[in-house]
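> Could you have a look at this structure, given as structure tokens, before my questions?
Residue numbers (the numbering used here): 21 to 251.
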């Protein structure tokens, strides 16, 4: 998933199609996986935009495509999918009754004395806007869960395993959990130790959330031994 800077809509990628509902659909897109990954993670402004050029009649009309015309059908200027939906929830909850959400993102930290300088204030304001958009989608998701419309398990790298209050979860120390949550965004290679730490944090959070929500019942006691093949 990416965000279309031209339309403000989500741009979806799949083997069967690529599409912006306002522009149209490309059936069986012939796009390198590297381009798809680049578009979905093109963090603005440094890595954005990724430009996709299309031939004549490549983009086909679809219902609701009010922008099925040039220049939208000849070029897509895409940025990070997180600009539109940071957790990628919207496309999933429309199609799936069971939704598993793994959130490795940081929340915006509290600041007793935020800067009054224009650049710093703008950067923090944009982060707060994005965080509130993410919280809004989570509220919708959990509302659907509470109404019985979806089954939801959500775990965050920021959530200590102890807070789940479950006796049979795998344990990761508070120090290790904090270290995992504070790891940098991966614009450089992770060390083997950092990969191990992230895998353990994600595995522990997933195990605890699935047990808490009752999505997987009667599970055997989890173990980090299952991760040995990936570390």
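Glycine included, every Cβ here is placed at the ideal spot set by N, Cα and C.
1) Looking only at C-alpha atoms, which of 222, 193 and 161 sits nearest to residue 116?
2) Would you decide whether residue 192 is buried or exposed? Buried here means 16 or more other CB atoms lie within 10 Å of its CB.
3) Could you pull out every residue in the same chain whose Cβ sits closer than 6 Å to the Cβ of residue 84, ignoring the five residues on either side in sequence?
4) Could you check what DSSP says for residue 104 in three-state terms: helix, strand or coil?
5) Can you have a look at residue 121 and say buried or exposed, based on whether 16 or more other CB atoms are within 10 angstroms of its CB?
6) Considering just the uninterrupted stretch of the beta strand (DSSP E) at residue 120, what are its terminal residues?
7) Specify, as a first and last residue, the run of the alpha helix (DSSP H) that residue 166 falls within.
8) Can you tell me which of 205, 217 and 225 puts its alpha carbon nearest to the alpha carbon of residue 63?
9) When the Cα of residue 97 is compared with those of 25, 236 and 234, which residue comes out closest?
10) Is residue 101 near residue 199, with beta carbons less than 7 Å apart?
11) Look at the alpha carbon of residue 70 and the alpha carbon of residue 103, and state the distance between them as a whole number of angstroms.
12) Between 225, 34, 245 and 202, which has its C-alpha nearest residue 20's C-alpha?
13) Measure the alpha-carbon distance for residue 52 versus residue 66 and round it to whole angstroms.
14) Compute the beta-carbon to beta-carbon distance between residue 142 and residue 235, rounded to the nearest angstrom, for a pair I have assumed lies under 8 Å.
15) What separation, rounded to the nearest whole angstrom, lies between the Cα atoms of residue 80 and residue 187?
16) Under the three-state reduction of DSSP, which class applies to residue 73: helix, strand or coil?
17) Does the Cβ of residue 114 have 16 or more other Cβ atoms within 10 Å, making it buried, or fewer, making it exposed?
18) What did DSSP end up calling residue 223 once you bin it into helix, strand or coil?
19) Which first and last residues belong to the alpha helix (DSSP H) in which residue 55 is found?
20) Report the CB separation of residue 87 from residue 27 in whole angstroms; it is logged as a contact under 8 Å.
21) Quick check on residue 181: buried or exposed, where buried means 16 or more other Cβ atoms within 10 Å of its Cβ?
By the coordinates alone:
1) Of all alpha-carbon atoms in 222, 193 and 161, the one lying nearest the alpha-carbon of residue 116 is that of 161.
2) In the assembly as shown, residue 192 is a buried residue. Its beta-carbon has 16 or more other beta-carbons within 10 Å.
3) Around residue 84: 41.
4) Residue 104: coil per DSSP, three-state reduction.
5) Of the other Cβ atoms in all chains shown, 16 or more fall within 10 Å of the Cβ of residue 121; this residue is therefore buried.
6) Per DSSP, residue 120 belongs to the beta strand (DSSP E) from 118-123.
7) For residue 166, the enclosing alpha helix (DSSP H) starts and ends at 138-166.
8) For the options 205, 217 and 225, the alpha carbon positioned closest to that of residue 63 is the one of 205.
9) Nearest of 25, 236 and 234 to residue 97, Cα basis: 25.
10) Not in contact: residue 101 and residue 199 (Cβ atoms no closer than 7 Å).
11) Those two C-alpha atoms are separated by around 14 Å.
12) Because the chain in this structure spans residues 21 to 251, residue 20 falls outside the shown range and cannot be described.
13) Answer to the nearest angstrom: the Cα atoms are 21 Å apart.
14) In fact, because the Cβ distance is near 41 Å, the residues do not count as touching under 8 Å.
15) Roughly 54 Å separates the two Cα atoms.
16) Three-state DSSP puts residue 73 in a strand.
17) When all chains shown are included, residue 114 counts as exposed.
18) Under the three-state reduction of DSSP output, residue 223 falls in the helix class.
19) Counting along the chain, residue 55 sits inside the alpha helix (DSSP H) bounded by residues 53-60.
20) That belief holds up - the Cβ atoms of residue 87 and residue 27 are roughly 6 Å apart, short of 8 Å.
21) So residue 181 ends up on the buried side.
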